[in-house]
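S.K.: Take a look at this one; I'll ask things after.
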Amino acid sequence: MGTYKLKMLLIGDAAVGKTSLIKKFIKGAFQKDYKMTIGCDIFTKDVELNDGQDLVTLSIWDIAGQDRFKFFRSSFYRGSAGAMVIFDLTRYTTFNPNVVNWLKELWSFTGRIPIVILGNKVDLINMRAVRASDAKAFADQVPCDYIETSAKEGQYVDESFSALAMSMLQNMRNKMTP
Numbered sequence: 001m002g003t004y005k006l007k008m009l010l011i012g013d014a015a016v017g018k019t020s021l022i023k024k025f026i027k028g029a030f031q032k033d034y035k036m037t038i039g040c041d042i043f044t045k046d047v048e049l050n051d052g053q054d055l056v057t058l059s060i061w062d063i064a065g066q067d068r069f070k071f072f073r074s075s076f077y078r079g080s081a082g083a084m085v086i087f088d089l090t091r092y093t094t095f096n097p098n099v100v101n102w103l104k105e106l107w108s109f110t111g112r113i114p115i116v117i118l119g120n121k122v123d124l125i126n127m128r129a130v131r132a133s134d135a136k137a138f139a140d141q142v143p144c145d146y147i148e149t150s151a152k153e154g155q156y157v158d159e160s161f162s163a164l165a166m167s168m169l170q171n172m173r174n175k176m177t178p
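Here it is in structure tokens:
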């Protein structure tokens, strides 16, 4: 059994649900009231991967999405093993062009680390502004996984974190292999 510590970032525009996804993943609770992240909040959670063969301690960095924090974000990216790029399925601009902008900013500081793109708020079906096929086609070009989540309902939240943790672990192992 291997034991690892990996740094994971959650990035995306303000109010796309980054903090709510983390709280659902860590505590199983949904935060109804919006509370803006100032700079960065850090959470940890242990996850078992590969049928319990690997224990990964995730250091999960919730990065503020507001432009006024852009100057500080570069320091938060250092040492990251992977990132979730999150957009709000009910607000088109959080997907296009902003996911591309987030990827450019991320990769300018980290290089091509593993990512998963999340379309959050899938429970708000009547307000949907981004087609699943468009988001999936974009993710295929990156290439990376695309997952639609609902922090409120818990839909695919754990699976999203596990998928990224697996990609991060595999990427780390590939770098260690000569």
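Quick note: the sequence shown uses my numbering, first residue 1, plus one each step.
Even for Gly, the Cβ is constructed at its ideal location relative to N, Cα and C.
(1) Exposed or buried, residue 104, counting other C-beta atoms within 10 Å across all chains shown (16 or more means buried)?
(2) In terms of alpha-carbon separation, which member of 42, 153 and 161 lies closest to residue 29?
(3) Provide the residue span of the beta strand (DSSP E) that contains residue 43, from first to last.
(4) Within 10 angstroms of the Cβ of residue 79, are there 16 or more other Cβ atoms? Answer buried if so, exposed if not.
(5) Would you say residue 65 and residue 14 are within 8 Å of each other, going by their C-beta atoms?
(6) On the criterion of 16 or more Cβ atoms from any shown chain inside 10 Å, does residue 143 qualify as buried, or is it exposed?
(7) Taking all protein chains shown into account, decide if residue 139 is buried (16 or more other Cβ within 10 angstroms of its Cβ) or exposed.
(8) Can residue 21 and residue 86 be called in contact, C-beta distance under 8 Å?
(9) Just tell me which of 160, 121, 3 and 40 has its CA closest to the CA of residue 92.
(10) For residue 120, which beta-bridge partners are listed by DSSP?
(11) Over what stretch of residues does the alpha helix (DSSP H) that includes residue 110 continue unbroken?
(12) Do residue 1 and residue 168 count as a contact pair if the criterion is CB distance below 8 Å?
(13) For residue 127 and residue 165, I'd like the C-alpha separation in whole angstroms.
(14) Taking the C-alpha atoms as reference points, what is the distance between residue 67 and residue 101?
(15) Can you tell me where the alpha helix (DSSP H) holding residue 172 begins and where it ends?
(16) Have a look at 4, 74, 82 and 58 and flag the residue whose alpha-carbon is nearest the alpha-carbon of residue 108.
(17) Using 8 Å as the threshold, is the C-beta distance between residue 19 and residue 37 below it?
(18) Find the nearest neighbour of residue 56 within the set 72, 81 and 76, judged by alpha-carbon distance.
(19) For chain D, is any of its Cβ atoms less than 8 Å away from the one on residue 56?
M.R.: Reading from the atomic positions:
(1) exposed
(2) 153
(3) 40 to 49
(4) exposed
(5) yes
(6) exposed
(7) buried
(8) yes
(9) 121
(10) 88 and 149
(11) 98 to 110
(12) no
(13) 30 Å
(14) 12 Å
(15) 157 to 176
(16) 74
(17) yes
(18) 81
(19) Considering every chain present, this structure includes no chain D. It has just one protein chain.
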